[in-house]
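Residue numbers for the sequence shown, in our numbering: 131 to 227. Here is the structure we will look at.
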Amino acid sequence: MEKIQKIILLVVNVIIVCEGSLEDCKPKVAIIGGGIGGASAAHFISELFENFVDIELFEADKIGGRLATVTLQNNQYEAGGSIIHDRNQLMKRFSKL
Numbered sequence: 131m132e133k134i135q136k137i138i139l140l141v142v143n144v145i146i147v148c149e150g151s152l153e154d155c156k157p158k159v160a161i162i163g164g165g166i167g168g169a170s171a172a173h174f175i176s177e178l179f180e181n182f183v184d185i186e187l188f189e190a191d192k193i194g195g196r197l198a199t200v201t202l203q204n205n206q207y208e209a210g211g212s213i214i215h216d217r218n219q220l221m222k223r224f225s226k227l
């Protein structure tokens with residue numbers, strides 16, 4: 131299903147479910163896992179719907195998953211997430227920054 135069709139379907143569902151005004155009714159999204167995938171999903175869903183969505187992120191341990199920042203000589207470095215797949219376009223773009 132294309133992105134625009136998904137957005138239209140979500141809006142139609144919100145209109146059907148909400149009896150009051152749309153301002154009083156926000157769709158709810160549950161995200162399981164707070165690693166880089168879950169945190170990214172929460173960010174992009176929030177950005178896509180311009181914060182017109184309630185996002186609840188469930189994580190058993192800590193947000194960030196395998197990510198780990200270490201400080202050496204007053205500089206911070208990312209030492210976690212040992213596997214970066216070459217098909218992960220977001221990580222490839224991030225690594226070029």
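Glycine included, C-beta positions come from ideal geometry on N, C-alpha and C. Predicted model only: the values in this text are computed from it and were never measured.
Distance, residue 171 Cα to residue 201 Cα
27 Å
When you compare the segment 178-185 with the segment 155-166, are there three or more beta-carbon pairs, one atom per stretch, that lie closer than 8 Å?
yes
What residue range does the beta strand (DSSP E) around residue 160 cover?
158-162
Is residue 179 helix, strand or coil by DSSP?
coil
Return the bridge partner residues of residue 242 from the DSSP annotation.
Residue numbering for the chain in the displayed model covers 131 to 227; residue 242 lies beyond these limits and cannot be assessed.
Mark residue 164 as exposed unless 16 or more other C-beta atoms lie within 10 angstroms of its C-beta, in which case mark it buried.
buried
For residue 219, report the span of its beta strand (DSSP E) as first-last.
Segment 219-226 is the alpha helix (DSSP H) holding residue 219; no beta strand (DSSP E) there.
Can you tell me the Cβ-Cβ gap for residue 169 and residue 193, rounded? I've got them flagged as a contact below 8 Å.
The beta-carbon separation of residue 169 and residue 193, rounded to 6 Å, stays under the 8 Å limit for a contact.
From 179, 195, 162 and 196, pick the residue whose C-alpha is nearest to that of residue 134; which is it?
179
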